[in-house]
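Everything below concerns the one structure shown next.
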Amino acid sequence: MWSRPAGEPRVWRIIELIDLHGKKRKFSLQEIPKERYEEALDFFCTIFLRDEAMCASL
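Residue numbers (the numbering used here): 116 to 173.
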């Protein structure tokens, strides 16, 4: 079974862009810290599944 290496959560990519209104936006793609698992699960179960077209059949 896989287990996460010790240390801080890994950041895979940081994306900076300008949105349609000319405002700078910055996003990061990273591992979810263990203390935020419940928050992430709640988001995916209530918002992501509702709004994501591929999940509409679930």
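Ideal Cβ positions, reconstructed from N, Cα and C, are used throughout, including at glycine.
C-alpha gap between residue i and residue j, whole angstroms
i           : j           : result
residue 146 : residue 153 : 14 Å
residue 166 : residue 156 : 15 Å
residue 164 : residue 158 : 9 Å
residue 169 : residue 141 : 26 Å
residue 151 : residue 135 : 30 Å
Option in the options with minimal Cα separation from residue i
i           : options          : result
residue 149 : 123, 140 and 116 : 123
Sheet register partners of residue i (DSSP bridge)
i           : result
residue 142 : 130
Cβ separation of residue i and residue j, assumed to be a contact under 8 Å, to the nearest whole Å
i           : j           : result
residue 128 : residue 144 : 5 Å
residue 138 : residue 131 : Incorrect: roughly 12 Å between the Cβ atoms, too far for contact.
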